[in-house]
Ligand code: BDP
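Numbering (the UniProt record's numbering), first residue to last: 1 to 668.
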């Protein structure tokens, strides 16, 4: 069997009893997306059930006269059906109806139908109504034109090589995989836009990007590009990129006219400005809103949107300064601008105030911004969570983020309520993930990391799904329905994020990683550097004081969250060191001192990895050998790496505190 299509690598189910439905497929529309829906049903039927489905084209009026209906599957566009990519699937008297107001819904419904078969579910009496909650469900690729991927852990880019744009079979496979879980927007190039990538908006790349846009469009996906704010200087030869300068505005307007003419299916742009050396409006004493709005005006005639990232902070900080706090940065820059952004601007906000650590509080911008379109940005590329060498299923983390009560109102105040648009009645909003794919044959390096890609899409579509449900779905589609396999794989996935958290940096402090590559332990690696990422450990305690006595960051939250974070006693313990400097002898709710908690959790984390390996070992004969070996190798490495983490962290704190482990274990 060919496993190169991740969860769409269909296994044969010769004994599946409800093959008959798939003999005939009745369809009305001829558009590209409906054709993809037809293709997907036929392909699924052929590969899973060994059936060649007959396609019957129908006039548009069918369905109103039920007497004409014959056994089979109907893809039925119905203006009264679920809209916004939603669909309804139901079975009645030997007929399966997939109905939707738009072709996208038919496509998502078709993938769902195949998923039901993959999972060996009965189709008889099936009744499903699904409407995606988030309007935008995006992947952000940090791919460079030379083929490298910033924070990529699964090979090279499949979008670019040697400054060329690649459009081929892998583009199609990618579009199928992404659409199968409901992704509807993809940014293909790195937010750090190099000189070469700046040219993506010019004629030079027009033909290939147009083709890529077409491949995506057939699967209901819009193509987006990352933009260089200094393009008027770099491409246009202007002396400035000042968003208020007339020549700059005119340059962008002319350029956008050309770009959208070249790539008609383009959705718009993602912009990283004034961050980590990227150019932006601050250079000209302009606000982030002035910068974003200027671009928004240029793309507006073409229905384009500008997704403007809030990851703006000073990355040349002085570590001696205890008052300046990187965590405050996005809030301080963007909060005063609430309401100033045009309707076709969306602010993209990282889930936490720092940068994709294993544990962070939710960004205080969620709930505070009430007059601004917002996208939640998460990272499925495991930059700080084991780089796809460690198994770390992140959907439980995303669930916590989505479920966080911002307290912006009494009810309906969670992050999920805000980014879906429900809370403040907005349309341009949703979720984005920094992607974890590459040219590796299994797409994600670690085979189990595909669960993060799958899971992100499914969660963005349907945030009410539980992390376990998603793990199970992914597992059944990927490995089949064998109960032992499903049980073990789901258990591994569900244990993995807590395990990673236990053996790495404690209680929300983050950052004890090797600088630059962000892999493996280095407790003081960033401690005396310029990035604003400190733990402030000394011989008495550890943690960053972010209450009123410190940086005041806790006060950026709405009440009662501000008060809860303000006091060590009420602060959730998993975030204790994020918000407070705490003595090693401080008693936690578990009855353990902080130092003992650090020791214990690090020993436990390694034990969890051993358990994970044991669970995987039990699947030797039950999952494909090739996958078994690949994962096993990575897990052995994970164990070594977790030991390294445990020993470095525990030794560091033992040497700082001189307090011995109560259990007398070896600490170096
Ligand atoms: C950090 C990455 C860096 C990215 C940056 C960003 O280390 O490579 O460019 O985020 O999000 O996590 O822009």
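Note that CB positions come from ideal geometry on N, CA and C, so glycine has one too.
Within the same chain, show all residues whose beta-carbon is closer than 6 angstroms to that of residue 1, passing over the 5 residues directly before and after it, in chain order. There are no such residues.
For residue 276, the residue or residues it bridges with in DSSP: DSSP lists no partner for residue 276.
What is the DSSP secondary structure of residue 638, reduced to helix, strand or coil? helix
Segment limits, beta strand (DSSP E) that includes residue 374: 374–379
C-alpha distance - residue 54 paired with residue 219, whole-angstrom precision: For residue 54 and residue 219, the distance between alpha carbons rounds to 22 angstroms.
Could you tell me the boundaries of the alpha helix (DSSP H) in which residue 140 lies? Residue 140 -> not in any alpha helix (DSSP H); beta strand (DSSP E) instead, spanning 136–140.
Which residue wins for smallest C-alpha separation from residue 49, given the options 69, 35, 28 and 23? 23
Could you say which of 572, 27, 358 and 574 lies nearest to residue 519 if we only look at CA atoms? 358
Under a Cβ-count criterion, where at least 16 other Cβ atoms within 10 Å of its own Cβ denotes burial, should residue 360 be classed as buried or exposed? With 16 or more Cβ atoms within 10 Å of its Cβ, residue 360 is classed as buried.
Report the CB separation of residue 429 from residue 380 in whole angstroms; it is logged as a contact under 8 angstroms. Not quite, the Cβ-Cβ distance comes to about 19 angstroms (not below 8 angstroms), so this is no contact.
Distance between residue 144 and residue 279 (C-alpha atoms, nearest Å): 18 angstroms
Same chain, Cβ closer than 8 angstroms to residue 743, five either side skipped, listed in chain order: Nothing can be reported for residue 743, as the shown portion of the chain is limited to 1 through 668.
Contact check, residue 588 vs residue 597 under 8 angstroms by CB: the rounded distance? 6 angstroms
Assuming contact is defined by CB atoms lying nearer than 9 angstroms, are residue 26 and residue 58 in contact in what I supplied? yes
How would you call residue 327, buried or exposed, if buried means at least 16 neighbouring beta carbons within 10 angstroms? buried
Would the beta-carbon of residue 507 fall within 9 angstroms of that of residue 574? Yes.
By the DSSP assignment, the alpha helix (DSSP H) with residue 299 in it spans what residues? 288–299
Whose C-beta lies closer than 8 angstroms to the C-beta of residue 683 among residues of the same chain, with five residues either side of it excluded? Here the chain has residues from 1 to 668 only, and residue 683 is not among them.
Would the beta-carbon of residue 273 fall within 9 angstroms of that of residue 337? no
Can you tell me whether residue 138 is buried or exposed, with buried defined as 16 or more other CB within 10 angstroms of its CB? buried
Check whether the stretch 432–449 touches the stretch 88–106, taking contact to mean three or more Cβ pairs, one atom from each stretch, closer than 8 angstroms. Verdict: no, contact absent.
Three-state class that DSSP yields for residue 555 in the structure shown: helix
From 156, 549, 391 and 406, residue whose alpha carbon lies closest to that of residue 490: If we check each option's Cα against that of residue 490, 391 comes out closest.
Counting beta carbon pairs with one atom in the stretch 616–624 and one in the stretch 397–406, are three or more of them shorter than 8 angstroms? At 8 angstroms Cβ cutoff, the stretches do not touch.
Which residues in the same chain as residue 211 place their Cβ atom closer than 7 angstroms to its Cβ, once the five residues preceding and following it in sequence are excluded? 167
What are the boundary residues of the alpha helix (DSSP H) that includes residue 564? 561–566
In the DSSP assignment, what are the bridge partners of residue 593? Looking at the DSSP assignment, residue 593 forms a beta bridge with 587.
Are residue 442 and residue 307 closer than 9 angstroms when you measure CB to CB? With respect to the 9 angstroms criterion, residue 442 and residue 307 are not classified as neighbours on the basis of their beta carbons.
Fully enclosed by the stretch 182–249, which alpha helix (DSSP H) runs are 4 residues long or longer? Secondary structure remark: continuous alpha helix (DSSP H) runs of at least 4 residues inside the stretch 182–249, in chain order: 195–198, 206–218 and 231–234.
Cβ of residue 271 versus every heavy atom of ligand 1: is any distance shorter than 8 angstroms? no
Report all residues from its chain with a CB closer than 6 angstroms to the CB of residue 543; omit the five preceding and five following residues, and keep chain order. 577, 580, 581 and 582
What I want to know is whether the C-beta of residue 261 ends up closer than 8 angstroms to one or more non-hydrogen atoms of ligand 1. no
Just verifying my parser: in three-state terms, what is the DSSP assignment at residue 348? In the structure shown, residue 348 sits in a strand (DSSP, three-state: E or B).
Selection from 420, 109, 567 and 403 that minimises the alpha carbon distance to residue 372: Of all alpha-carbon atoms in 420, 109, 567 and 403, the one lying nearest the alpha-carbon of residue 372 is that of 420.
When the Cα of residue 16 is compared with those of 31, 298, 340 and 123, which residue comes out closest? Ranking the options by Cα distance to residue 16, first place goes to 123.
Could you pull the start and end residues of the beta strand (DSSP E) that residue 430 belongs to? 430–434
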